[in-house]
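Visitor: In my numbering, the protein residues as written are 40 to 110.
1) Using DSSP with H/G/I as helix, E/B as strand and the rest coil, what is residue 106?
2) For residue 74, tell me which candidate among 85, 64, 58 has the shortest Cα-Cα distance.
3) Our contact map puts residue 85 next to residue 48 with C-beta atoms below 8 Å; I'd like the distance itself, whole angstroms only.
4) For residue 52, which residues in the same chain have their Cβ closer than 6 Å to its Cβ, ignoring the five residues on either side in sequence?
5) Would a C-beta distance cut-off of 8 Å place residue 55 and residue 80 closer than the cut-off?
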C-alpha cells in the first residue's frame, strides 16, 4: 500500500534534515550545502513533479530589505 501524500512529504523532510545534519559535520553551512539538502528533499518527492510545470531557479542572492523596512 502507498503512503498517504502528507506522510510521504514528511519522510522526505526527515531524510533531507538527517542528510543535512550529517553533512554539517564536514561542511560549513553554505549555499552548496543548502542546495544539496534541497536536492535530497526533492528526490522522488511528490512536489518534484511541480518543477516541470513551474520551474524554479535558485538565484543565490540574499534579498535584503531596505533599512526603512526595519523602522
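For each residue, glycine too, the CB sits at the ideal point set by N, CA and C.
Guide: This is what the structure gives:
1) If DSSP states are grouped into helix, strand and coil, residue 106 belongs with the helices.
2) Comparing Cα-Cα distances from residue 74 to each of 85, 64, 58, the minimum goes to 58.
3) Their Cβ separation, rounded to whole angstroms, is 6 Å, which keeps residue 85 and residue 48 in contact under 8 Å.
4) Its chain contains no residue whose beta carbon lies nearer than 6 Å to that of residue 52 once the 5 sequence neighbours on both sides are disregarded.
5) With a cutoff of 8 Å on beta-carbon distance, residue 55 and residue 80 are scored as near each other.
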